[in-house]
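Engineer: Residue numbers (the numbering used here): 7 to 155.
All C-beta atoms in this analysis are idealised placements derived from N, C-alpha and C, irrespective of residue type, glycine included.
Keep in mind that this is a model prediction, so the values were computed, not measured.
Quick one: this structure, given as structure tokens, is what I'll be asking you about.
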């Protein structure tokens, strides 16, 4: 697996089920307790460097080897999120997914459905790839709006 950076950027990786559980927990709280507030979903220990997530994937996928782009400069972005507020404000919410569990679930799903690396890296699952594909197929106009049928 080629990591197209040096792997130092911090990132928040969450499972949609945990995000959905947070919405449900918020709906169950009194309005005054949570109104007009923002919450970071997750656990403080679930913020990772890209390198750490890559190592989890390597440990999950049999035969996977890591390679970091040799010409990549340090990525200074930092998406570390503070998640202690949600634990205080939504006592009925507890994240269920860890990075290792997410990695195993994705690997199983990709394997079960025969999704290849080429397909993942193709236009189908990449936002910019989709935009370019839809522009070239004339499905979108120059303002990225769907053309009328």
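On the CB-based measure, 16 or more other CB atoms within 10 Å of its CB, does residue 22 come out buried or exposed?
Structural biologist: The residue in question, residue 22, is exposed, as its Cβ has fewer than 16 Cβ neighbours within 10 Å.
Engineer: So residue 37 is in the alpha helix (DSSP H); what residue range does that whole segment cover?
Structural biologist: Element bounds for residue 37: 37-40.
Engineer: Looking at the strands, I want to know which residues DSSP matches up with residue 146.
Structural biologist: Bridge partners of residue 146: 152.
Engineer: Residue 9 and residue 75 - do their beta-carbons sit closer together than 8 Å?
Structural biologist: Yes, Cβ-Cβ distance for residue 75 and residue 9 is below 8 Å.
Engineer: Straight-line CA distance for residue 118 to residue 30?
Structural biologist: If you take the alpha carbons of residue 118 and residue 30, they lie about 30 Å apart.
Engineer: Do you know how far the Cα of residue 40 is from the Cα of residue 78?
Structural biologist: Approximately 42 Å between the Cα atoms of the pair.
Engineer: So residue 17 is in the beta strand (DSSP E); what residue range does that whole segment cover?
Structural biologist: Looking at the DSSP string, the run of the beta strand (DSSP E) that includes residue 17 is 16-18.
Engineer: Quick check for students: name the residue ranges of the beta strand (DSSP E) that lie wholly in the stretch 14-94, counting only runs of 3 or more.
Structural biologist: 16-18, 53-55, all fully within the stretch 14-94.
Engineer: What do you reckon, are the CB atoms on residue 7 and residue 56 nearer than 8 Å?
Structural biologist: Not a contact, by the Cβ cut-off of 8 Å.
Engineer: Under 7 Å Cβ to Cβ from residue 150, same chain only, skipping five residues before and after it: list those, please.
Structural biologist: Excluding sequence neighbours, residue 150 sits near 137.
Engineer: For residue 141, which of helix, strand or coil comes out of DSSP?
Structural biologist: In the structure shown, residue 141 sits in a helix (DSSP, three-state: H, G or I).
Engineer: Going residue by residue through the stretch 89-128, where are the continuous alpha helix (DSSP H) segments of at least 4 residues, counting only ones entirely within it?
Structural biologist: As far as the stretch 89-128 is concerned, its whole alpha helix (DSSP H) runs of at least 4 residues are 90-95, 105-118, 123-127.
Engineer: Could you tell me which residues DSSP pairs with residue 8 in its beta bridges?
Structural biologist: Partner(s): 73.
Engineer: Report yes if the CB atom of residue 105 is closer than 8 Å to the CB atom of residue 59, and no otherwise.
Structural biologist: Yes, these two residues count as a Cβ contact at 8 Å.
Engineer: Nearest by alpha-carbon distance to residue 100: which of 42, 113, 52, 152 is it?
Structural biologist: Nearest C-alpha to residue 100: 52.
Engineer: Alpha carbon to alpha carbon, how far is residue 61 from residue 69? Give it in angstroms, no decimals.
Structural biologist: Approximately 12 Å, taken between the alpha carbons.
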